[in-house]
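Numbers 9 to 221, taken from my numbering, label the letters of the sequence shown in order. Data block below; observations after.
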Amino acid sequence: MSEQQTDLKEFWAQVIEKVKEGDINVSLWEALEAGVPLIIEDDTLVIGFTPANMKHSGYLTNPANAGTVRRAVEAVAGKRLQIELIEGDTIESWEGVKERAAAAADHTEQTAQVSIHHKAAVAGWQELGQQIRQLYYEIGGREQPLSHARFLIKAIPLIAKTEDEMRAEDPEAGELHETQLDRIFDRIASLCGMPGGLVALEYLRYKSSRKKA
């Protein structure tokens with residue numbers, strides 16, 4: 009065990025003792041003892057839990073306990089620290105969490121850039137989503153299978169028309185169009201209570217029939 013890990017272990021033991029000076033709260037005490045202090049990085053104290061013990065982490069974030077834990081950490085550290093709870097009790101677990109967070113941030117940034125560069129296409133697909141929803145609620149007896157079929161008969165040509173227009177208007181946004189199509193299929197599936205793959209299949213059948221005609 010490194011010197012830093014030893015210091016953190018002693019630090020966490022003092023935090024637990026500080027918490028125990030207050031009201032009796034066995035569940036919180038056990039949760040604290042299940043936690044493993046991993047690192048203090050950028051004023052953030054990272055506490056890890058093994059997968060089996062991750063259930064205990066909720067006691068630390070519970071509104072009734074969070075203030076107690078935060079004050080104990082501040083008292084021992086001599087300053088305010090943010091507390092990050094993660095699954096995994098090694099420093100490698102923390103590195104993995106940071107890598108996944110960075111990847112998610114990159115994906116969000118890329119999505120934002122796509123939206124900026126293909127603003128008109130995004131707006132067109134969003135308008136279609138609203139039209140699909142409105143069309144569904146205009147169908148009478150919406151809980152009946154026959155009504156769902158009538159809805160699909162009206163919705164699918166509308167989707168195909170929009171796809172043709174969006175691809176013609178923005179042919180470089182191929183991935184965007186595919187993503188938006190999937191979202192439309194998922195929305196219809198949710199409204200009708202049917203698998204999204206089945207909606208997509210009916211759509212492809214419709215497009216295939218148009219080509220043959």
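Positions of the beta carbon are idealized from the N, C-alpha and C atoms, including for glycine.
In the structure shown, the three-state DSSP call for L53 is strand. Bridge partners of V44 according to DSSP: G56. Under the three-state reduction of DSSP, L93 is assigned to strand.
For T187, the enclosing alpha helix (DSSP H) covers residues G182 to C200. Cβ-Cβ distances below 8 angstroms link H64 to E38, A39, A42, G43 and F57 in the same chain, with the five nearest sequence neighbours on each side left out; the list follows chain order. Apart from the 5 residues on each side of it in sequence, V77 sits with its Cβ closer than 6 angstroms to the Cβ of L68 in its chain, given in chain order.
Inclusion of I91 and L53 in the CB contact set at 8 angstroms is warranted, their separation being smaller than that value.
For G86, the closest alpha carbon among the candidates A110, G30, V23 and A111 is that of V23. The straight-line gap separating the alpha-carbon atoms of A181 and P45 is approximately 46 angstroms.
The shortest C-alpha to C-alpha distance from R191 to any of R158, K219 and L136 is the one to L136.
Looking at the backbone, the Cα of L166 and that of W102 are separated by about 48 angstroms. A residue is called buried once 16 or more other Cβ atoms fall within 10 Å of its Cβ, and Y211 is buried on that count. For M174, the enclosing alpha helix (DSSP H) covers residues P153 to E177.
Between E82 and L89, the C-beta spacing is below 8 angstroms.
Counting every other CB atom within 10 Å of its CB across the protein chains shown gives A110 a total below 16, marking it as exposed. Linking W133 to T170 through their CA atoms gives a straight-line distance of about 8 angstroms. The three-state reading of DSSP puts P71 in helix, counting H, G and I together.
Separation of the CB atoms of D178 and A128 is rounded to 7 angstroms, and the pair is thereby assigned contact status at 8 angstroms. For Y145, the closest of L189, L199, F193 and E49 by C-alpha to C-alpha distance is L199.
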